[in-house]
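Per this note's numbering, residue 5 is the first one in the sequence shown, and the count goes up by one each step. Yeah, the Cβ is synthetic: ideal placement off N, Cα and C, and Gly gets one too. Computed from a predicted structure; not experimentally measured. Take a look at the structure below.
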Amino acid sequence: MVTPSLKKFLYISIAAAILTISLKLIAYLLTNSVGILSDALESCVNLVAAVVALIMIRIAEKPPDQEHEFGHNKAEYFSSAVEGGLIVLAAFSIIWSAVPRIIHPQPLENIGIGLLVAVGASLINLAASNILVKNGKKYNSITLEADGKHLMTDVITSGGVLLGIGLIKLTGWIRLDGIVAIGVALNIIWTGYQLIKRSALGLLDTGFPKDEMDNIRLALEKYELQNIKFHSLMTRQSGQRKFVFVHILMPGNMDIQQGHNLAESVENDIRILFPNTQTTVFTHLEPVEDPVSMLDITIDRE
């Protein structure tokens, strides 16, 4: 299956970042809220992250070449790792801005108008985040999903900041501005950690989730009625592309054409399990009666 270019979704992310930065800076100038300022700083990080993601998607979508015969899909993991790192950086910048305001609180101004502008910025991010996460999952792109989750942390940040400002208006306790900003920052650090962890696992060739492995095994079960067996089922994910390796143990009296037809059928049955993903299936035919066929169950021959 040929996956359509994902660059258009990142242009949405870049546009959303530019709009929200502008709106949040206006809200900060109106209110003098460090919470809103920290929120604007995170949106600047969003813009940088979206540009990095766009560059990595361009690399990942390049066709295979002589030096990269399996393609450039793993470039996506670098993008999501950078995105996770930038999320953590943004969180610490929020804490850095918030602590002085807790020690030396300052009154807020024009709260009503500032809140309205900040809400508009959050709605833009929410819409962009939903588009990115939805299509990231649809096309199995960790870059889109990471960028979407990054934008969602921005929405959460904005929600926390707006809640804090609303409580300040009700209670008059100005220190809440900084306290809420720090609380939101700690939540963002957790999201960044999750993205970095997922990127590291992808670079380490982590296998498919259990439900996907179960679906593959279920698809192979129908062949057992034909005295066909399987072993050495291994999987790995590389960006948008999935790789599946499996050894087919067939009766020794089958000829080459029959073996080829069998392998084609097995590979097709596996590929159709992942309709929105580029899936490469490698099969290896072995005679079921030969004991030597059982010596290569793992990646290294025993």
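Unbroken beta strand (DSSP E) run spanning residue i, endpoints
i    : result
I308 : Outside the displayed span of the chain (5 to 306) sits residue 308, for which this structure offers no information.
Q282 : 282 to 291
Coarse secondary structure for residue i, derived from DSSP in three states
i    : result
M217 : helix
N233 : Note on residue identity: the sequence assigns Lys, not Asn, to residue 233. If DSSP states are grouped into helix, strand and coil, K233 belongs with the strands.
E65  : coil
D300 : helix
H76  : coil
I128 : helix
L208 : coil
I200 : helix
F278 : coil
E71  : coil
H108 : coil
I59  : helix
DSSP bridge partner residues for residue i (one or two, in chain order)
i    : result
R240 : F247
K138 : Beta-bridge pairing links K138 to no other residue.
Contact set for residue i: own chain, Cβ-Cβ below 7 Å, skip 5 residues either direction
i    : result
L119 : L166, I169
I117 : L34
Run of the alpha helix (DSSP H) containing residue i, from where it starts to where it stops
i    : result
F13  : 11 to 35
G168 : 146 to 175
N257 : Segment: none, N257 is in no alpha helix (DSSP H) and carries neither H nor E.
Cβ neighbour criterion (16 or more within 10 Å) applied to residue i
i    : result
M5   : The pLDDT assigned to M5 is 44, lower than 50, so where the model puts this residue is not dependable; a value taken from the coordinates is nonetheless given after this. Label assigned to M5: exposed.
G176 : exposed
H108 : exposed
L148 : buried
Chain-order list of residues whose beta-carbon lies under 6 Å from that of residue i (same chain, five-residue window excluded)
i    : result
A125 : T24, L27, K28
G88  : G196, L199, I200
N231 : P255
R179 : I106, P109
T284 : F247
Residues near residue i by beta carbon distance below 8 Å, same chain, minus five either side
i    : result
D294 : G256
Distance cut-off 8 Å: residue i Cβ against heavy atoms of the ligand HEM
i    : result
I172 : Among the components modelled here there is no ligand, and therefore nothing to report on the ligand HEM.
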